[in-house]
Every structure is written in C-alpha cells, then in structure tokens.
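Here's the structure we're looking at; comments come further down.
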Amino acid sequence: MEDVPDSGTLKTLQKAIELLRCFDAAHPTLGIADLSRLLGLPRSVVYRIATTLKSGGLLEQESGTRRYRIGIGLFDLGSRYTHRHRWFALALDALKDPVAATGHAAYIGVLAGPDVVVLAAEAGAHRVRLIVNPGERFPAYSAAIGKALLARLPDEQIHHLYGTGPLKPVTRTTVPHVQALLSELKRVRERRYAVADQETFVGIKAVGVSFSSPVEAESFAISISYPIAGVSRQDERGIVESLLRMAERLGRTLGDPWWEGALAGAGRR
Numbered sequence: 076m077e078d079v080p081d082s083g084t085l086k087t088l089q090k091a092i093e094l095l096r097c098f099d100a101a102h103p104t105l106g107i108a109d110l111s112r113l114l115g116l117p118r119s120v121v122y123r124i125a126t127t128l129k130s131g132g133l134l135e136q137e138s139g140t141r142r143y144r145i146g147i148g149l150f151d152l153g154s155r156y157t158h159r160h161r162w163f164a165l166a167l168d169a170l171k172d173p174v175a176a177t178g179h180a181a182y183i184g185v186l187a188g189p190d191v192v193v194l195a196a197e198a199g200a201h202r203v204r205l206i207v208n209p210g211e212r213f214p215a216y217s218a219a220i221g222k223a224l225l226a227r228l229p230d231e232q233i234h235h236l237y238g239t240g241p242l243k244p245v246t247r248t249t250v251p252h253v254q255a256l257l258s259e260l261k262r263v264r265e266r267r268y269a270v271a272d273q274e275t276f277v278g279i280k281a282v283g284v285s286f287s288s289p290v291e292a293e294s295f296a297i298s299i300s301y302p303i304a305g306v307s308r309q310d311e312r313g314i315v316e317s318l319l320r321m322a323e324r325l326g327r328t329l330g331d332p333w334w335e336g337a338l339a340g341a342g343r344r
C-alpha cells in the first residue's frame, strides 16, 4: 500500500506554495517579516518553510539583506513547461512578424484560473514600450491576451471564474461587470480578436488573438500592446491586420478551426 501524506504534511506543502506565490513583479524580494505578514503565519513557521525551499533551490537569499527571492530551481521547472509544448516554439517564431511589421511588443500567455500568465515577450523597436516580464499575471478580463482566451470558454465557465456581479477594477476603464464581459466576449468570438483599451495599464492599448492546439489540447494567446499616444486610427488598423495575418498562418499550422477557411475571414469584418 502506498504511503499517503498526513494532513499536516499537506498543509505545510500548501503553505509553501502560498509562500512562493507571494513573489511577483511588485515584490521581487521579501524578508521573513514580509512573508509572515502576507501569509498571516508566525515568523518561525515562515522561516522553516523558506529555509527548506532555499535548500531545494526554489528560493535564494541575498547575502547583504538576507531577503529571499525566487531561485534558479523554479526557473528550471518553469522552463520545462514551455519546452514540452510544440505550440510554444511555433508561437515564438510567429510573433516575430507582427513585431517587425508594427514595431510594438508582443506577448504569449495562457490562462491560470481567473488570471492570464505571460510566458514570453518580444520587445518592439518603438521608442515608447511597455515592459511585461514572463511570469507576470493579470486578471484575464483586463487584458487583450486574457479576453482572447476567455472567448474560447462557454458563458457558464465565465460565471464559474468570476461569479455574476462586479469585477475588481485594475484601472478606471477595466470592464466593470461580468455581464459586460460576456457581451464583449461575444464580439471577440465574432471578429476573432480582443481589445483592451487602457484596462491593465493606463496609456496602453492591446489587441489579442487566441489559439488552440488540438494535438496537445492546449490553448494560448498572443497580443500586441502599444501606447495610445501617437498611434493613429490607421496605425491601429495596421496593427490588427498584422496580428490577424499572423493568426491565420499560425492557426492553419496548428489545425485550429477558429483560423481555418471561412472562420478566418470572419475576423476581418
């Protein structure tokens, strides 16, 4: 008979996972006191968990401040996620064309529950650019890359993720309510691309498209972000057209029905 971890071991493991999730773009380094406050745990417990994670290479400790940061072990584990997916290499290659054509940055992301997580970024040549690093996450309803993925889901699953009421705003223009989100996702399905107008970052607009790899049963999205200042309506149309051209090519390569035949043409209406 296999050994089954006791409830205490499972709770400790859960606490370790929660501790690792405390580190993000806003908190790249954290001390024991910070982690204790964020987790609501005694410092002695946090210290033991952090020490164990450090010994496994999942955390590192700065020599001067003794603060903790994500370790190389987590990078190694995370890299295995992208390396095992054929679609990731195809997506990385595909996004180079719209980046070169528009001069703006592009991103690859996937859904993680109610959020979207950035897996990769390709910087553009435009002098004004938004820097979003791989590993950062945002509410999916606030980002073009997230809305493009949410449009793949049935309305029932959207309710499961966000309920039926108001949505927590990221900026003043974030979609305010689940019902408004559902209406927007309907438009995304019709035109095949999503738009986020200053909904994650003030002054930044983005368009996104999603894909499904039938072979790997995985969905992902690619978006292009650009500053609203200095970008004309004609420029915006060019950005959308460039993204859709890339999407049709990549979609056909993947065998994604959204981007085959007449469905692809629907994206230009």
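The numbering of the sequence shown is the working numbering, which starts it at 76 and goes up by one. All C-beta atoms in this analysis are idealised placements derived from N, C-alpha and C, irrespective of residue type, glycine included.
Could you give the distance in angstroms between the alpha-carbon of Gly115 and the alpha-carbon of Gly221? The alpha-carbon separation between Gly115 and Gly221 amounts to approximately 31 Å.
Tell me whether Arg262 is buried or exposed, calling it buried when 16 or more other Cβ atoms sit within 10 Å of its Cβ. With fewer than 16 other Cβ atoms from the protein chains shown falling within 10 Å of its own Cβ, Arg262 counts as exposed.
Reference Ala345; option with closest CA among Ile183, Ile233, Gln232, Leu242: Only positions 76 to 344 of the chain appear in this structure, which leaves residue 345 out of reach.
Quick test of your reading: Val192 and Val185, contact by CB under 8 Å. State the CB separation rounded to the nearest angstrom. For a cut-off of 8 Å, the C-beta gap from Val192 to Val185 is around 6 Å, short enough to register as a contact.
Do you know how far the Cα of Tyr237 is from the Cα of Glu323? In this model, Glu323 and Tyr237 are separated by some 30 Å (Cα to Cα).
Phe163 - DSSP class collapsed to helix/strand/coil: Phe163: helix per DSSP, three-state reduction.
Please name the residue, chosen from Asp109, Ser154, Ala91, Leu257, that lies closest to Leu134 on a Cα-to-Cα basis. The candidate whose alpha carbon is nearest that of Leu134 is Ala91.
Taking 8 Å as the threshold (C-beta atoms), are Ala269 and Ala304 in contact? Contact check for Ala304 against Ala269 fails: the beta carbons are separated by 8 Å or more.
Given that a residue counts as buried once 16 or more other Cβ atoms are within 10 Å of its Cβ, and exposed if not, what is Leu88? Its Cβ having fewer than 16 others within 10 Å, Leu88 is exposed.
Evaluate Ala200 with the Cβ neighbour count: other Cβ atoms within 10 Å of its Cβ, from every protein chain shown; 16 or more gives buried, anything less gives exposed. Ala200 comes out exposed.
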